[in-house]
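Undergrad: Every letter in the sequence shown is one number past the one before it in the working numbering, and letter 37, counting from 1, is 37.
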Amino acid sequence: MPEEENGEERHFNIHTDPETMAGHYANFANVSHSDYEFSITFARVDHEVDEGEVPGVVVSRLNLSPKFMRELIDAMEDNFSKWKTREGIRDLPEFDEPDSPSAS
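#1: Which same chain residues end up closer than 7 Å to residue 38 when comparing Cβ atoms and leaving out the 5 residues on each side of it in sequence?
#2: Which of the three DSSP states is assigned to residue 63 in this structure?
#3: Just to confirm before moving on: does the CB-CB distance between residue 12 and residue 29 stay below 7 Å?
#4: In the DSSP output, which residue or residues are listed as bridge partners for residue 12?
#5: Along the chain, which unbroken stretches of the beta strand (DSSP E) at least 3 residues long are found entirely within the segment 14-84?
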């Protein structure tokens, strides 16, 4: 997400250690907010439990400013759209828009 300052595009030179680069697997996320920030908690949960409490472990938590949250949402929507086009997945029922022909 390049930022522009005085009309010039800025490029970030960010480095990471190998452990951080490996990332964490998550199959569940919870988003919450306060007046000042958004929080996204990522967890790995066991979806195969039929009843009762579902066991899980938090693998990461991010706290974001509202401005950065908007930028993240825009970037995720853009990337998801590109992935969907590349993979040829066009009519997923859970992503149909209310006025789209397949939603009727």
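The beta carbon of each residue, even a glycine, is placed where N, CA and C say it ideally should be.
TA: Working from what's here:
#1: By the criterion of a C-beta distance shorter than 7 Å, residue 38 is surrounded in its chain by 31, 64, 66 and 69, once the five residues flanking it on both sides are discounted.
#2: If DSSP states are grouped into helix, strand and coil, residue 63 belongs with the strands.
#3: Cβ atoms of residue 12 and residue 29: not closer than 7 Å.
#4: DSSP, once it has assigned bridges, lists no residue as partnering residue 12.
#5: Within the segment 14-84, the complete beta strand (DSSP E) segments at least 3 residues long are 28-33, 38-45 and 56-64, listed from N- to C-terminus.
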